[in-house]
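Top line first, the protein sequences correspond to chains X and P.
Start counting the first sequence at 65; every next residue gets the next number (the working numbering).
Start counting the second sequence at 65; every next residue gets the next number (the working numbering).
Right, one structure below, let's go through it.
Protein chains: 2
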Amino acid sequence: MVARSVKIQEGTGPLVDALPFTDGEYQRRLTAIRSTMSRRGLDAFVSFTPENIYYVTGHDSPGYYFYQACVVSPTQRPVNVLRRIETTNTLGRSWSRLTVGYEDREDPIEATLGLLRELGVANRKIGAESTAWFIGPQRYIQLQDGIKQAGGQLVDASGTVEELRVIKTPEELTYIRAGARICEQAMRAGIEASREGTNENEVAAAIIAEMVRNGGEYAGLPPFITSGPRSSLCHATWAGRRYEGGDVLAYELPGVVKRYAAALVRMGIVGRPGEEVKRRAAASIEALESVIAAMKPGVTSDAVHQVTRRVFEKYGYSHLFGHRTGYSIGINYPPDWGEGHIMSIWAGDERPLRVGMTFHLVPGLFELGKHLINISETVLVTETGCEPVTHFPREMFVV
Amino acid sequence: MVARSVKIQEGTGPLVDALPFTDGEYQRRLTAIRSTMSRRGLDAFVSFTPENIYYVTGHDSPGYYFYQACVVSPTQRPVNVLRRIETTNTLGRSWSRLTVGYEDREDPIEATLGLLRELGVANRKIGAESTAWFIGPQRYIQLQDGIKQAGGQLVDASGTVEELRVIKTPEELTYIRAGARICEQAMRAGIEASREGTNENEVAAAIIAEMVRNGGEYAGLPPFITSGPRSSLCHATWAGRRYEGGDVLAYELPGVVKRYAAALVRMGIVGRPGEEVKRRAAASIEALESVIAAMKPGVTSDAVHQVTRRVFEKYGYSHLFGHRTGYSIGINYPPDWGEGHIMSIWAGDERPLRVGMTFHLVPGLFELGKHLINISETVLVTETGCEPVTHFPREMFVV
């Protein structure tokens, strides 16, 4: 195979969209990645993960259903390998503004190998994300083989960017707080639209319109808006179901600004809540508040999760609580608005909480065919404890 | 390592949501997959792809940021390996209703290997999707090694479901046509909301609210709603930009019903269009209509693409046309609303069009920093030619 030679293009005209962060923030991120590379003896680092590529270069597009990769080398600014029409986003609105484009039917791994040669690192030790989604096993192996043929070596460097992303800076927190305001406004709009005889679609339309009008961007997952037994289907959302008296309503809403998310869950009831629903809501609120009280730097993920577990055990609801207490939240692209794979609050995880971590806490109770009961909050770990970022009455709403 | 034993759970209560297809449709799909398996000598087939899992089992959830897999064996109904709380969707609203759940921190590959043993096929020849996204290279290799240790063999069987999905049945076309109605209604709402002095967010709110009220589901990509130079950023969407006189407006809208998409692009102008914008819009419309006239069973993908290319060449716009003419469209989950990786209309692809294929045709002209000009249609390949599925005036709108 003849090696493909590539040309690195640079964006030079005025930016079409302003950058979300200062130059200092991007420089700091790049320096930290290079420091990890140096520690691991890597001459290049390749990311395939939309969140990481946005974090490092500012490249923002949902078009990663075509292969994309960001190559960080020790001296050159990061270069994004992109489908040609997607290069507009790196050339026209990114921090790094360097890209290699490939045509729709060209082999993007060949383009990536070409770039590694162009950067003079193809025959060196290169780290890449072997746990990433948007490369696919077949292409990853092709990249590995290509680097081997060039005299280099591909090793796993998953987590290189994630370990930075998990701690939020003041600039990042500004966007997460703005996202929280969007969640709260949308939740209010949703509750106002909720009444017997309306349906999930009408309420979803009111919620999403409010989000978008207030500057909410598309999120990594849709808002979850369900009623009655449909709320018990994990991650189901609007499907036109009519609201009936006695229905539990469950709304889980993201607020996304500059790709940073906050999220908020509230549940309510059409008409008068029964005793069991009231008791479950009380348990969820007690779990949430106990967890917030327990969270502070140094406490482990597992220790916090045990707080939730004990509250639900006390109520006799252990069988209805089948997942983690919470997940890290920050930059998001579909198919997830959280970053729970980086850090979660769950059983058996002995990693400590650290200042600047943000979580969406979701102590929910699912009963299939019946309902979901869940009251959540997005929170920030501070020097002294845990600060709620979302602010909304912690109660079951009644319509 | 001690082999994990698994228990297959079966949903038995009433379905929480009605199935989107008849039993006959699902049976036909399963029979076709088993026929491919038999032809390739496979004793099991494993899919990691949300669209394929929905196609085969009816399991519908955006929660595939946790590992999911569907295992098809020669005799048993398909079984989905799912995060425990996601099993609600297979137990409570799927066709197959068989699942193996794993806990949040359990190893899902171990659960998959356990299921393969339970089905008695772990030591046989198993096909899986080595080009799938939501497995990741590391886990794919772990699965491969586990099967090898069990005395079996994992081979690539990518495309097994996709080759069925590319041809739409009458039941599927009903949903795509319903999606087209949603695109049209939303486009009308968007045009009505567009005027000098409004902004992208207000228009996006009007469009999405109209979609959702009419039964539109979340799509694999957000709607793309941009104005002025922002339209030239591929796959950019609303960011609050104010509409000014002379702005090009570009709206690309999905309509999704039961996970099946149609899509529609129209562009417009605030105030009076200049000659160059008018000429580019005319070129896009001419390309679209020439392509529709050329499409029929037996004509190759490349031959159709050359029609677009020639129209733009005639106008002197070859340098502004940087991508494919169109892509197959059908079942969609984020991060794509198309299925262009299954079939596209693009250069050098000698596969013929076939009856029942559906495409979104997008003969667009991008100029970075300036605008996108694009007029599209979703179409169906029929016995005699090509039938537009979306119906909307093929013109630049003026507001």
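Where is the CB? At the ideal position from N, CA and C, for every residue including glycine.
Item: According to the neighbour-count rule (16 or more other Cβ atoms, all chains shown, within 10 Å of its Cβ), is P/M65 buried or exposed?; Value: Caution applies to P/M65, whose pLDDT of 48 falls short of 50 and renders its modelled position unreliable; the value that the coordinates give is listed next. When all chains shown are included, P/M65 counts as exposed.
Item: I'd like to know whether the C-beta atoms of X/V465 and X/R259 end up nearer to each other than 7 Å.; Value: Nothing in the structure corresponds to residue 465 of chain X, since chain X is present only between 65 and 463.
Item: Quick one: measure Cβ to Cβ for P/T442 and P/A326, integer angstroms, because I've assumed they're closer than 8 Å.; Value: 4 Å
Item: Show which residues of chain X have a CB atom less than 9 Å away from the CB atom of P/P427.; Value: Result: empty, since nearest Cβ-Cβ is about 13 Å, beyond 9 Å.
Item: Going along chain X, which residues have a C-beta under 8 Å from P/G279?; Value: N265 and G304
Item: Would you kindly work out how many angstroms separate the C-alpha atoms of X/L228 and X/N187, rounded to a whole number?; Value: 28 Å
Item: How is the alpha helix (DSSP H) around P/L177 delimited, first residue to last?; Value: P172 to E182
Item: Report yes or no: do three or more beta-carbon pairs, one from the stretch 148-161 of chain P and one from the stretch 151-168 of chain X, lie closer than 8 Å?; Value: no
Item: One question on the structure: do P/G402 and P/I393 come within less than 7 Å of each other, judged by their Cβ atoms?; Value: yes
Item: Between which two residues does the alpha helix (DSSP H) holding P/R374 run?; Value: S365 to Y379
Item: At the level of alpha carbons, what is the spacing between X/L183 and X/T195?; Value: 24 Å
Item: What residue range is occupied by the uninterrupted beta strand (DSSP E) comprising X/R252?; Value: Here X/R252 belongs to no beta strand (DSSP E); instead the alpha helix (DSSP H) covers P234 to A257.
Item: Any residues in the stretch 187-207 of chain P with a beta carbon nearer than 8 Å to a beta carbon of chain X? Which ones, in chain order?; Value: S194, T195, A196, W197, F198, I199, G200, P201, Q202, R203, Y204 and I205
Item: Given P/Y131, which residues of its chain have a CB within under 6 Å of its CB, disregarding the five upstream and five downstream residues?; Value: P172
Item: Counting only Cβ pairs nearer than 8 Å, list the residues of chain P close to X/R294.; Value: V80 and D81
Item: Confirm, please, whether the CB-CB distance from P/I199 to P/F112 is below 7 Å.; Value: yes
Item: Should the stretch 293-303 of chain X be regarded as contacting the stretch 146-154 of chain P, the criterion being three or more beta carbon pairs within less than 8 Å?; Value: yes
Item: What residues in the stretch 140-158 of chain X have a beta carbon less than 7 Å from any beta carbon of chain P?; Value: R148, I149, E150, T152, N153, L155, G156 and R157
Item: Between X/P114 and X/K322, is the Cβ-Cβ spacing less than 7 Å?; Value: no
Item: Name, please, each residue of chain A whose Cβ falls closer than 8 Å to the Cβ of P/S69.; Value: No chain A appears in this structure, whose protein chains are X and P.
Item: What are the boundary residues of the beta strand (DSSP E) that includes X/Q132?; Value: Careful: X/Q132 lies outside any beta strand (DSSP E) and carries neither H nor E.
Item: Would you say the stretch 119-131 of chain P touches the stretch 206-215 of chain P, given that touching needs at least three Cβ pairs under 8 Å?; Value: no
Item: State yes or no: is the beta carbon of P/V386 nearer than 7 Å to at least one beta carbon in chain X?; Value: For the sequence presented, residue 386 of chain P should be read as Gly rather than Val. Yes, contact with chain X.
Item: Taking X/R169 as the reference, give the member of P/G386, P/F430, P/P399 and P/G279 with the closest Cα.; Value: P/G386
Item: Using the Cα positions of X/R388 and X/V426, report the straight-line distance between them to the nearest angstrom.; Value: 8 Å
Item: Along chain X, which residues have their Cβ under 9 Å away from the Cβ of P/G412?; Value: R169
Item: For X/A345, count the other beta carbons within 10 Å of its own beta carbon; 16 or more makes it buried, fewer makes it exposed. Which is it?; Value: buried
Item: Under three-state DSSP, which class holds X/V164?; Value: strand
Item: X/T448 by DSSP, collapsed to three states: which one?; Value: coil
Item: Under 9 Å Cβ-Cβ, which residues of chain X neighbour P/S125?; Value: L297, C298, H299 and A300
Item: Which same chain residues end up closer than 6 Å to P/R306 when comparing Cβ atoms and leaving out the 5 residues on each side of it in sequence?; Value: N263
Item: Taking one C-beta from the stretch 361-380 of chain X and one from the stretch 410-417 of chain X each time, how about it: are there three or more such pairs within less than 8 Å?; Value: yes
Item: What residues from chain X crowd round P/L317, counting only those whose CB sits closer than 8 Å?; Value: Under the 8 Å cutoff, chain X gives no residues; its nearest Cβ is about 13 Å from P/L317.
Item: Is it buried or exposed for P/K71, if we count other Cβ within 10 angstroms and need 16 for buried?; Value: exposed
Item: Rank P/R181, P/Y119 and P/S99 by C-alpha distance to the C-alpha of P/D87 and give the top, closest one.; Value: P/Y119
Item: Is X/I72 close to chain P, meaning its C-beta is less than 7 Å from at least one C-beta of that chain?; Value: no
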